[in-house]
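J.: Numbering (this note's numbering), first residue to last: 1495 to 1744. Sending over a structure as structure tokens; questions will come in a sec.
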Amino acid sequence: MGIKIKHLWFGIVSSSINEKDCDIIFAHSLSKEYVSDKNFLIKNSQYTLITDLTDIEECLFSAIKKNYRYEIKRCNRIEEEITYQYYDKLNPIDQSLLDGFENVYNQMYKDKGIKNIFNKNQVKNMIENESIVFTIGFYRDIPLVFHSYVYSQNDAKVRFYYSASPFRQEKLEAERIGRINKGLHWFDLKTFKEQGIKLYDWGGIANPDNPDGIGKFKLSFGGKVELLHNVMMGKTLKGKFIIMLLKNKK
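What follows is the structure in structure tokens.
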């Protein structure tokens, strides 16, 4: 709609949120709540899990739920025919895989009866800015599980972003996809650790004290619960007007 939004991730403190050349700034995952009495501001907080990748690999693996560790080991058997691949600026994801990611993501939420659409334009912008990486789990060379991460080598942090897998009703297929997803998460943790990434953000959980299904899954990999804060602020007249509209909808 002609509105320019600038997303800021990692290494941000409240005093540094002064970006220009945009209508709206969206600052994600602030460690401290942004304090302001301005009317053109939307704030919300969210729990997440942080895995410290500076820990040794054996400790990272032992922190994972026992039956998940078994399934991850099973994925590594040759007869399972499961492989993983990592994509970044040195090994770019091709258009067919990106299209497949989008299609699986949109179909997954459609099958679940949830309105959620893959933001392809945003993902392309992130690719151009080298701020996103992808991992894919394959079964017999067929891509089945897709992960993506907001990525910053300078800040030594990653944040789990879009993910998708086919929403299968058949028990055996669903179980295989579940195993591949667990195995891909472990592949991701190891790959980022090897790159010198220190902190792995699981992308949020609804309620650590009474977790939903996704929350329970993420908690099964260990990690420390943290409360982070998100801020949207209008910078131009157009941006401030949009923020006011969004605030009035709440």
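Idealized CB from N, CA, C, for every residue including glycine.
So what's residue 1735 in DSSP terms, helix, strand or just coil?
T.: Secondary structure at residue 1735: helix, using DSSP grouped into helix, strand and coil.
J.: Who are the near neighbours of residue 1650 in its chain, counting only those whose CB is closer than 8 angstroms to its CB and skipping five residues on each side?
T.: Contacts found: 1690, 1691, 1692, 1693.
J.: Express the C-alpha separation of residue 1569 and residue 1681 in angstroms, rounding to a whole number.
T.: 11 angstroms
J.: So the beta strand (DSSP E) residue 1601 belongs to, where does it begin and stop?
T.: Here residue 1601 belongs to no beta strand (DSSP E); instead the alpha helix (DSSP H) covers 1589-1605.
J.: Residue range of the alpha helix (DSSP H) that residue 1649 falls in?
T.: Segment: none, residue 1649 is in no alpha helix (DSSP H) and carries neither H nor E.
J.: In the segment 1670-1743, which residue ranges form an unbroken beta strand (DSSP E) of at least 3 residues, counting only runs that do not cross its ends?
T.: 1693-1695, 1718-1728
J.: Using CA atoms only, rank isn't needed, just tell me which of 1543, 1698, 1539, 1656 is closest to residue 1613.
T.: 1656
J.: Note the first and the last residue of the continuous beta strand (DSSP E) segment covering residue 1583.
T.: Residue 1583: not part of any beta strand (DSSP E); DSSP gives it neither H nor E.
J.: Do you know offhand how far residue 1548's Cα is from residue 1688's?
T.: In this structure, the CA atom of residue 1548 is about 10 angstroms from the CA atom of residue 1688.
J.: To the nearest angstrom, how far is it from the Cα of residue 1603 to the Cα of residue 1502?
T.: 26 angstroms
J.: Roughly how many angstroms lie between the CA atoms of residue 1558 and residue 1715, to the nearest whole one?
T.: 4 angstroms
J.: Would you check if there are 3 or more beta carbon pairs closer than 8 angstroms linking the segment 1722-1736 to the segment 1533-1544?
T.: Verdict: yes, contact present.
J.: So the candidates are 1506, 1554, 1517, 1594; which of them puts its Cα closest to the Cα of residue 1679?
T.: Ranked by Cα distance from residue 1679, the first of 1506, 1554, 1517, 1594 is 1554.
J.: Select from 1733, 1517, 1562, 1685 the residue whose C-alpha is nearest the C-alpha of residue 1627.
T.: 1685
J.: For residue 1588, count the other beta carbons within 10 Å of its own beta carbon; 16 or more makes it buried, fewer makes it exposed. Which is it?
T.: Burial call: exposed.
J.: Helix, strand or coil for residue 1537, going by three-state DSSP, please let me know.
T.: strand
J.: Would you check if the segment 1615-1623 and the segment 1657-1671 touch, i.e. whether three or more CB-CB distances between them fall below 8 angstroms?
T.: no
J.: Closest to residue 1635 by CA distance: which of 1674, 1662, 1611 is it?
T.: 1674 is the residue among 1674, 1662, 1611 whose C-alpha sits nearest the C-alpha of residue 1635.
J.: When DSSP labels each residue in this structure, what does residue 1626 get in the three-state scheme?
T.: strand
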